[in-house]
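Trainee: All you need for my numbering is the position in the sequence shown, starting with 1, plus 4. Ideal placement from N, C-alpha and C gives every residue a C-beta, glycine not left out. Sharing a structure with you now.
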Amino acid sequence: MNRRRPQGQNEKQGLSLAKKSACVELEVGSPEYSVVHAIQDTRERLQITQTELARRTGIDQGDISKLERGTRNPSLKLLKRLAHGLGMELKIYFIPIESSQEGDSQPTDRAGALTQM
């Protein structure tokens, strides 16, 4: 199942993943959005299916589908297995929150990252 990132207005407002019955809105820049896209983009770049990723990781294909739709929150252990199955290393960063001029806090980059091994 190939899913592409929405472009245009959806990119600004957030991402609606999956079918309408299991639709989840993910905010652009959120950690969830970043994780979903890191997994999908890497899998597509490697040209492997969810079934192949499931075989490589021992994770059920249905669970990979749920992760990619944003309807399941993965554990750190699961993310490590996915990264390994994609030939990547999982790195998670804690980044200080910067204050804006009005005093509101806005995160600079709240996402983890998958990096190639």
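If you follow the beta strand (DSSP E) that residue 94 is in, where does it begin and where does it stop?
Mentor: Here residue 94 refers to the residue found at position 90 of the sequence shown. Run containing residue 94: 92 to 95, per the beta strand (DSSP E) assignment.
Trainee: If I follow the unbroken alpha helix (DSSP H) through residue 68, where does it start and stop?
Mentor: In the sequence shown, the residue the question calls residue 68 occupies position 64. It spans 65 to 73 - the alpha helix (DSSP H) in which residue 68 sits, taken as one unbroken run.
Trainee: Grab the span of the beta strand (DSSP E) containing residue 103 for me, first residue to last.
Mentor: By one-based count along the sequence shown, residue 103 stands at place 99. Looking at the DSSP string, the run of the beta strand (DSSP E) that includes residue 103 is 101 to 103.
Trainee: When the cut-off is 7 Å and only beta carbons count, does residue 56 lie next to chain C?
Mentor: You won't find chain C in this structure, because it holds only one protein chain.
Trainee: By the 10 Å Cβ neighbour count, where 16 or more other Cβ atoms means buried, how is residue 29 classified, buried or exposed?
Mentor: For the purposes of this step, residue 29 is taken as residue 25 along the sequence shown, with counting starting at 1. Residue 29 is exposed by the Cβ-count criterion.
Trainee: Which term fits residue 55, buried or exposed, when burial requires 16 or more other beta carbons within 10 angstroms of its beta carbon?
Mentor: Locating residue 55 in the sequence shown gives position 51, where the first residue counts as 1. Classification for residue 55: exposed.
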